[in-house]
């Protein structure tokens, strides 16, 4: 089955700096890669996703890149703000029919004001 | 408001005392799933349901049961809880899993369970 590894497990950045979280996956059939943000006391929420036919996707200060050959994808947050502090999960699945979503182990991001 | 509602938010129980965590969604989603979140292990799927009366095991189903008698409800049952089931539990739902445009999972706020 699919295995998703996520690094780092914790990340501290100064407000205004960039943050990068990296994930690797094992199953070359996976073609959908979402990122979820979990704020304290809440459930995860989808913040951005990317499909395997795209190499990069941006949404304001958030971007995701995908390297299919190397089987890794990354989340980039620019101009970090205190409200970006949360746990971030990457995930991988095969899009189409039933898709089992395999999550990474999470990254706790702390943005220091 | 579209949401997934779990109850209770916090639960402390003792080994062997049967408990049920409820989950309800108001979005008419076909797919529902339960996850547990443990430090260093991320989110692991316990059980999922493709539709009413259709359920299947996820990665860590041992010690858990589920039922899907109605589309909106997907309770998680621990018939004889043990301390290793102490965890943060999340219910999630998604629209028709047969459509590639509907991959977004909607999560509940979580249930923190402690089994003493």
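Residue numbers (my numbering), protein chains in the order written: chain A, 1 to 113; chain B, 1001 to 1116. Heads up, the beta-carbon is just placed ideally off N, CA and C, and yes, glycines get one too. Computed from a predicted model, the values in this text were never measured in an experiment.
N-terminal and C-terminal residue of the beta strand (DSSP E) that residue i is part of
i	result
residue 1050/B	1042-1051
residue 1029/B	Residue 1029/B -> no beta strand (DSSP E), and no H or E assigned at all.
residue 53/A	Here residue 53/A belongs to no beta strand (DSSP E), and DSSP marks it neither H nor E.
residue 1057/B	1054-1057
residue 1078/B	1076-1078
residue 1094/B	1087-1094
residue 12/A	10-14
residue 1007/B	1004-1007
residue 34/A	32-38
residue 1114/B	1111-1115
residue 81/A	Element bounds for residue 81/A: n/a, residue is neither H nor E.
Among the options, the one whose alpha carbon lies nearest that of residue i
i	options	result
residue 31/A	107/A, 15/A and 49/A	49/A
residue 1090/B	1107/B, 1064/B and 1055/B	1107/B
residue 1044/B	110/A, 104/A and 109/A	104/A
residue 85/A	6/A, 8/A and 13/A	13/A
residue 7/A	112/A, 113/A, 76/A and 107/A	107/A
residue 1035/B	1105/B, 1116/B and 1002/B	1105/B
residue 56/A	75/A, 82/A and 17/A	75/A
residue 1/A	60/A, 111/A, 100/A and 72/A	100/A
residue 5/A	110/A, 102/A, 113/A and 109/A	102/A
Residue i: contacting residues in chain B (beta-carbon distance under 9 Å)
i	result
residue 8/A	Here the premise fails: no neighbours, minimum Cβ distance about 12 Å.
Beta-carbon neighbours of residue i, restricted to chain B and to distances below 8 Å
i	result
residue 33/A	Those do not exist, as residue 33/A stays about 10 Å from chain B at its closest Cβ, beyond 8 Å.
residue 46/A	1104 and 1105
Residue i: contacting residues in chain A (beta-carbon distance under 7 Å)
i	result
residue 1041/B	105
Where residue i meets chain A, residues with beta-carbon distance less than 8 Å
i	result
residue 1063/B	Per Cβ cutoff of 8 Å: no residues; residue 1063/B is ~20 Å from chain A at best.
Closer than 7 Å at the beta carbon, the chain B residues around residue i
i	result
residue 42/A	1109
Interface residues of chain A facing residue i [CB-CB closer than 9 Å]
i	result
residue 1074/B	Near residue 1074/B there are no residues of chain A at all, since even the closest Cβ is about 14 Å away, more than 9 Å.
Residue-level contact to chain D via CB, residue i, 8 Å cutoff
i	result
residue 111/A	Protein chains in the displayed structure are A and B, and chain D is not among them.
Report task. Would you check if there are 3 or more beta carbon pairs closer than 8 Å linking the stretch 1035-1047 of chain B to the stretch 1007-1024 of chain B? Result -> no
Query - Against chain B: residues of the stretch 50-83 of chain A by CB proximity under 9 Å - result: 51
Query raised in the report: Are the stretch 84-103 of chain A and the stretch 20-34 of chain A in contact at 8 Å, needing three or more beta carbon pairs?
Result: Touching, yes, given that three or more Cβ pairs across the two stretches are closer than 8 Å.
Query raised in the report: Would the stretch 1056-1064 of chain B and the stretch 1072-1086 of chain B be scored as touching if the rule is three or more Cβ pairs under 8 Å?
Result: yes
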